[in-house]
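Undergrad: Residue numbers (the numbering used here), protein chains in the order written: chain R, 1 to 482; chain P, 1001 to 1226.
(1) Within 8 Å (strictly less), CB to CB, does residue 257 of chain R reach chain P?
(2) Round the Cβ separation of residue 19 of chain R and residue 167 of chain R to the nearest angstrom and send it over; I've been treating them as touching at under 8 Å.
(3) Around the C-beta of residue 114 of chain R, are 16 or more other C-beta atoms found within 10 angstroms, so that it is buried, or is it exposed?
(4) Let's test the definition: count the other Cβ atoms within 10 Å of the Cβ of residue 257 of chain R and tell me whether it reaches 16, buried, or not, exposed.
(5) Taking the alpha helix (DSSP H) that residue 160 of chain R belongs to, which residues open and close that run?
(6) Return the residue from the list P:1208, P:1096, P:1190 and P:1136 that minimises the CA-CA distance to residue 1154 of chain P.
(7) Please report the straight-line C-alpha distance between residue 165 of chain R and residue 215 of chain R, rounded to a whole angstrom.
(8) Starting from the beta carbon of residue 1223 of chain P, find every residue of chain B whose beta carbon is closer than 7 Å, and list them in chain order.
(9) So who's on the other strand from residue 1222 of chain P, going by DSSP bridges?
(10) Step through the CB atoms of chain P and report whether any lies within less than 8 Å of the CB of residue 176 of chain R.
(11) How long is the line joining the alpha carbons of residue 290 of chain R and residue 1167 of chain P, rounded to whole angstroms?
(12) Applying a beta-carbon distance threshold of less than 8 Å, which residues of chain R neighbour residue 1020 of chain P?
(13) Counting only beta-carbon atoms, is residue 311 of chain R nearer than 8 Å to chain P?
(14) Based on the DSSP secondary-structure assignment, which residues constitute the bridge partners of residue 385 of chain R?
(15) Which residues bound the alpha helix (DSSP H) around residue 80 of chain R?
(16) Between residue 1035 of chain P and residue 1064 of chain P, is the Cβ-Cβ spacing less than 8 Å?
(17) Name the chain R residues whose beta carbon is nearer than 8 Å to that of residue 1093 of chain P?
(18) Between which two residues does the alpha helix (DSSP H) harbouring residue 99 of chain R extend?
(19) Answer with yes or no whether the minimum CB distance from residue 347 of chain R to chain P is below 8 Å.
(20) Can you pull the chain P residues whose beta carbon is under 8 Å from the beta carbon of residue 262 of chain R, in chain order?
(21) Once you ignore the five residues that flank residue 367 of chain R on each side, which residues in its own chain have a CB closer than 8 Å to its CB?
(22) Taking contact to mean at least 3 C-beta pairs separated by less than 8 Å, is the stretch 1065-1075 of chain P in contact with the stretch 1041-1051 of chain P?
(23) Is residue 31 of chain R helix, strand or coil when you go by DSSP?
(24) Please classify residue 486 of chain R: does DSSP put it in a helix, a strand, or coil?
(25) From which residue to which residue does the beta strand (DSSP E) around residue 1007 of chain P run?
(26) Report yes if the C-beta of residue 366 of chain R is less than 7 Å from at least one heavy atom of the ligand COA; otherwise report no.
(27) Which residue wins for smallest C-alpha separation from residue 365 of chain R, given the options R:22, R:418, R:271 and R:48?
(28) Alpha carbon to alpha carbon, how far is residue 117 of chain R from residue 131 of chain R?
(29) Would you please state the rounded distance, in angstroms, between the beta carbons of residue 374 of chain R and residue 344 of chain R? I believe it to be under 8 Å.
(30) Touch check for the stretch 227-238 of chain R and the stretch 271-291 of chain R: three-plus C-beta pairs under 8 Å?
(31) Is the CB-CB distance between residue 485 of chain R and residue 133 of chain R below 8 Å?
(32) List the residues of chain R whose Cβ lies closer than 8 Å to the Cβ of residue 1218 of chain P, in chain order.
(33) What does residue 1106 of chain P touch in chain R if you count any residue whose Cβ is under 7 Å from its own?
(34) Check whether chain R comes within 8 Å of residue 1115 of chain P, counting only Cβ atoms and requiring the distance to be less than that.
(35) According to DSSP, residue 144 of chain R sits in a beta bridge with which residue or residues?
(36) Taking the straight line between their C-alpha atoms, what separation do you get for residue 408 of chain R and residue 438 of chain R?
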């Protein structure tokens, strides 16, 4: 998460800014107060001392204020003992002090008042107190060493600055912690919603507080619980339905086995029956076959539903397989193959055979006597097996429903098919990682595409060399050649 | 034809109609309604072929198959409710030679029974001794030796090995093997061949995971190493 992005970032930044401003105001104020009181105190003490020196000490040691008398008075040494440097001005002041002295100080001394000046003398910070010896023209300047004071103030500045920085850091950490605490329910809710989205309907938001978040979390949880219950009920009833279908088909199998065996014997002896009984017998034999198909397809679908079906992959030449299935199931179908070269893919040949067989059955039923075309196209990442008929097609709005169980495009048609063939084909396609789709052809009729992803390169290399682009492009527009 | 068949099936209708169909086809049929009865009947008189339902009361068909196999090489055809690979494998491992998936039409069952009987009755047409790698195959005596040691093979496994060895180096498709070994033109279930090949390899290959004698030809079928 970027530092300033989102609510957490903004909350953190605000808290830190508040802390920093407060720290700055307090620090600067405290510093200004200490600075003023230290400097002011030093000035007051030094001025009081200077007043005493000018009126008492110096007049006593220097009755005649001249440079010679001053130099001989030992006053300089005496002041050095107090760590004060004394400079006398008899109108003969020399550099560098002469130019260090400020105008204000000079004016105060000339007017007989005490004046002071903060300045640097050499590498020293100094406080200069200046005054005139009463009754004379002699000015005196007392230079007090202020280095220790400035050092103390520098340390104070460093201390305050460091403190403010530390406070800002602590504030940052604390602010993030506070922000996380405030936003934790929101994040917990986001995680719960994400889990529900992924299908984990047992996800709930912890209700940790009695505030607005707590109320909201409680509502969220009740919604999730209602959703879970509804879906659980639906799943249970669906599972029950599927179990029922599986049980029914299984129970039907034993009488069906007897029926199929009986019908197969009856069929052999139909010729010996009187005409009415013979016709009834023929119908019986045909209906047993229909019932058999239906039960076997139901059982197959219930095996898919219980995930009992497994694919057995092996390398297989689709060209050979397509030829074999077409020859067995619909010898009239036109084949549009990429050539005579084998197209070897790793897949489950039994599933391909089942899918192709069901598609051919479907074409034969819905477009009887119309030409059917079986195509095989090789693409770099997939192989597409197609079955196209020239029948009536299916209205666009019903196209996606044709893979539904028991879906019949034309409900009035009482054909022999169970309505499960395409559903089974789609289940088989999904099992081998393929995708089965249907669309209407521009020239009329329905076209199914079974798309099989190719995960390893096809033997034979360049697909362009084996496909025939012209024929492939025209395949949907042109009537197949029979 | 006068072959004697023992049919073990628990459902009375299926048992009766199957019996009728087999008798019409010229077989002599004895029936049993559960596994124990079937085993008793089998031990009481000689039979040429055993038709066994998988799901049987008292003693299931697979167990009957295993017990019969301990003492007999009689051809066994299983009637299985499901055509799952698992059922096929378990059935073959129990010692069955073939299986027929329910529901079945009687003519189809009769064809399978005849094929199984034909294979069982097929006499050694060849007194030769064939060789495949370290294997020595006595076609007449129906035995296989490796380094002088006898390898016990079922009838189906032996036929498969002999057929592949006769055409060493040549690819035999699953359909061809189904036709020549199982003896009927059977569109579809090549798993029968795959399972039998796996079981054969487990017995004759030095390393069944890396076969050196019975080889798979990708996308085509099987061949014996030359």
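Glycine included, every Cβ here is placed at the ideal spot set by N, Cα and C. Quick caveat: nothing in here was measured; it's all calculated off a predicted structure.
TA: To lay it out plainly:
(1) yes
(2) 6 Å
(3) buried
(4) buried
(5) 147-197
(6) P:1096
(7) 40 Å
(8) This model lacks chain B altogether; the protein chains it does include are R and P.
(9) P:1172 and P:1216
(10) no
(11) 43 Å
(12) 265
(13) no
(14) R:376 and R:450
(15) 75-80
(16) yes
(17) Residues of chain R passing the Cβ test: none, with the nearest at roughly 18 Å.
(18) 97-100
(19) no
(20) 1013 and 1017
(21) 389, 390, 391, 392, 445 and 446
(22) yes
(23) helix
(24) An answer regarding residue 486 of chain R cannot be provided, because it is not within the stretch 1 to 482 covered by chain R.
(25) 1004-1008
(26) Questions concerning the ligand COA fall outside what the structure shown contains, since it holds no ligand whatsoever.
(27) R:418
(28) 12 Å
(29) Not confirmed; about 18 Å, so no contact.
(30) no
(31) Any property of residue 485 of chain R remains undetermined from this structure, which presents chain R solely from 1 to 482.
(32) 314, 315 and 344
(33) 261, 264 and 265
(34) no
(35) R:84 and R:127
(36) 15 Å
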